[in-house]
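Each protein sequence line maps, in turn, to chains E and R.
Quick note on the numbering used here: the first sequence kicks off at 335 and runs consecutively.
Quick note on the numbering used here: the second sequence kicks off at 672 and runs consecutively.
Backbone N, C-alpha and C fix where the C-beta goes; we use that ideal spot for every residue, glycine too.
From a predicted model like this one, the values you see are computed outputs, not experimental measurements.
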Amino acid sequence: MKTNIAQETAKLLFDIKAISLQLEKPFQYTSGIFSPIYVDNRVIFSYPTVRVKIVTFLITKIINRVGLGNVELISGTATAAIPYAAFISQMLEVPMVYVRDTKKGHGKKNQVEGVVANSQKVLVVEDHITTGGSAIGNAKAIKNVGGKVKYVIAATTYNLPISVQNFKKNKLKVFTLTNINEIIEIAVKRKLIKIKDRAMILEWSKDPSGWGKKFGFEK
Amino acid sequence: MTKKSTKTNTIISEETANLLFSIKAITLSPQKPYRFTSGMLSPIYLDNRLIISHPKVRNKIVNFYLNLINKEIGYKNIDYVSGTATAAIANAMFVAQKLKKPMVYVEVNKGEIHKSKVVGKLKKNKHVLVIEDHITTAGSLVGNVLAIRNFGGIVNRCIVTTTYRMKQAEKFFKKYQVKVYHLTDIHSILDIAIKNGYLKKKERKLIEEWVSDPVGWGKKMGFE
């Protein structure tokens, strides 16, 4: 039987508590936004059997959707996606670089760590996509030093409208293992949430900034 | 340490220096020193982050890590691998994957050490091997070690790709009671540099002087 990567990934992430759901008392992101879901994919590297499965799924995606011919270099976004990028580049035996967070005020000069050859085809690796901002920042930094970026791969995405727009605007194709819809389905199946809660989380993914107010969490 | 293992360590030390020169991770400029962002002058510049961009070199370095870990520490004595962010995260991942061990990394806050953050899922009372890419004064290595200890992990051994063997670093190792193993050090780097013609024999002293007094060096040598 063919593995359903989207469902399997969601299950694994729940198993290791990389995904948490809180409907009664939502999370508040550092940006101030309220959310019923929190994803921390950085924990997967502390689980050797889980990380092998997730990275194997990512490599399957790369082979099937991106094509190995389009991956001459892997670029991970610091710090969360560096382990992903390292693991993938080790498995594919291709070079790797990483890109420092642009928000932390590192000079443009040292944004990319490692070597990018001119016109090299670079795959951007991200652990999770919220707005797409850091993946796009990574792609821009690579382009600034002469690399070509067409594809981004990530473990998870909330499928927020803003991320879809951002990627479209920046002409980047994004592949992910799983997304908020699949995550909610698994959560319902595992009875982590009630069926009626499903709509509340989906509402968030359609309008994250208005959600807190709408449901009375924000005054 | 047996004679045989000393010999293997010498081979690893020389070969690592060779590899780092070959990818320009180490460059020397004794006559026209580099200026670090801190303002300090230095005849040597080292960027081990370049290793990740060279798969063959990277594989060799990782194998040297495994060799040293096996011989000096023992795979069985390691429950977790912890890399220092950002430079040593990739290295920690490569090694952790080969050992099939869990991995975490530490975002070190040098100003306020207690604010350093362990990222990932670490359990208490586990033996953690700390991995660092390079040691100058060992500040970030100590940050990693203390963060793991504060969390409840046990650290008494670290492994690094390169070290300048500065006195300050040795003092830290003693103070915080960690044993640090390295693939290569400043002595092997200078040996290889002379052997390969990157450095004149008479320039060796100049670099050694920098190692023993990096802060005062620029003035002493008349560059400042």
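- In summary, D349 of chain E is exposed, with fewer than 16 beta-carbon neighbours lying within 10 Å of its beta-carbon over all protein chains present.
- Neighbours of P773 of chain R in chain E, taken as residues whose beta carbon is under 8 Å from its own, are F379, S380, Y381 and P382 in chain order.
- For the C-beta of E778 of chain R, the chain E residues within less than 8 Å are, from N- to C-terminus, T413.
- Look at K771 of chain R here: in three-state DSSP terms it is coil, with no helix or strand label.
- Counting other Cβ atoms within 10 Å of its Cβ, G710 of chain R stays below 16 and is therefore classed as exposed.
- Contact annotation: the stretch 842-851 of chain R does not touch the stretch 782-797 of chain R, with fewer than three C-beta pairs closer than 8 Å.
- Taken atom to atom, the span from the alpha-carbon of S859 of chain R to that of E685 of chain R is near 6 Å.
- Rounded to the nearest whole angstrom, the C-alpha separation of I819 of chain R and V789 of chain R is 7 Å.
- Rounded to whole angstroms, the gap between the alpha carbons of R524 of chain E and T832 of chain R is 46 Å.
- At a cut-off of 3 residues, the continuous stretches assigned as beta strand (DSSP E) that sit fully inside the stretch 338-391 of chain E are 353-355 and 371-373.
- For T698 of chain R, not one C-beta of chain E is nearer than 8 Å to its own C-beta.
- Under the rule that a run must span 3 or more residues, the beta strand (DSSP E) segments found entirely inside the stretch 788-859 of chain R read 788-790, 798-806, 825-834 and 850-856.
- Contacts with chain R (Cβ-Cβ distance below 8 Å) from the stretch 416-439 of chain E involve I416, P417, A419, A420, F421, S423, Q424, E427, V428, P429, M430, V431, Y432 and R434, listed in chain order.
- At a cut-off of 8 Å between beta-carbon atoms, L690 of chain R makes no contact with chain E.
- A distance below 6 Å between beta-carbons, with the five flanking residues on each side excluded, links Y705 of chain R to the following residues of its chain, in chain order: S713 and Y716.
- If you check the CB distance, E516 of chain E and A352 of chain E do not come in under 8 Å.
- Within the stretch 783-806 of chain R, contact with chain E at the beta-carbon level (separation under 8 Å) is assigned to V790, G791, K792 and L793.
- Exposure of F707 of chain R is indicated by the presence of fewer than 16 other C-beta atoms within 10 angstroms of its C-beta.
- Taking all protein chains shown into account, T755 of chain R has 16 or more neighbouring C-beta atoms within 10 Å of its C-beta and is therefore buried.
- Taking C-beta atoms as the reference points, L355 of chain E and I371 of chain E count as a pair closer than 8 Å.
- By the beta-carbon neighbour count (other beta carbons within 10 angstroms, threshold 16), P542 of chain E is buried.
- Of all residues in the stretch 852-866 of chain R, none places a beta-carbon less than 7 Å from a beta-carbon of chain E.
- Listed as beta-bridge partners of I697 of chain R by DSSP are R:L717.
- Of the other Cβ atoms in all chains shown, fewer than 16 fall within 10 Å of the Cβ of S700 of chain R; this residue is therefore exposed.
- Put simply, the stretch 502-510 of chain E does not touch the stretch 448-456 of chain E. Fewer than three CB pairs are less than 8 Å apart.
- At least 8 Å separates the beta-carbon of N719 of chain R from that of D856 of chain R.
- Annotation: I760 of chain R to K797 of chain R spans about 19 Å, alpha carbon to alpha carbon.
- Assignment of V479 of chain E by DSSP, reduced to helix, strand and coil, places it in the coil class.
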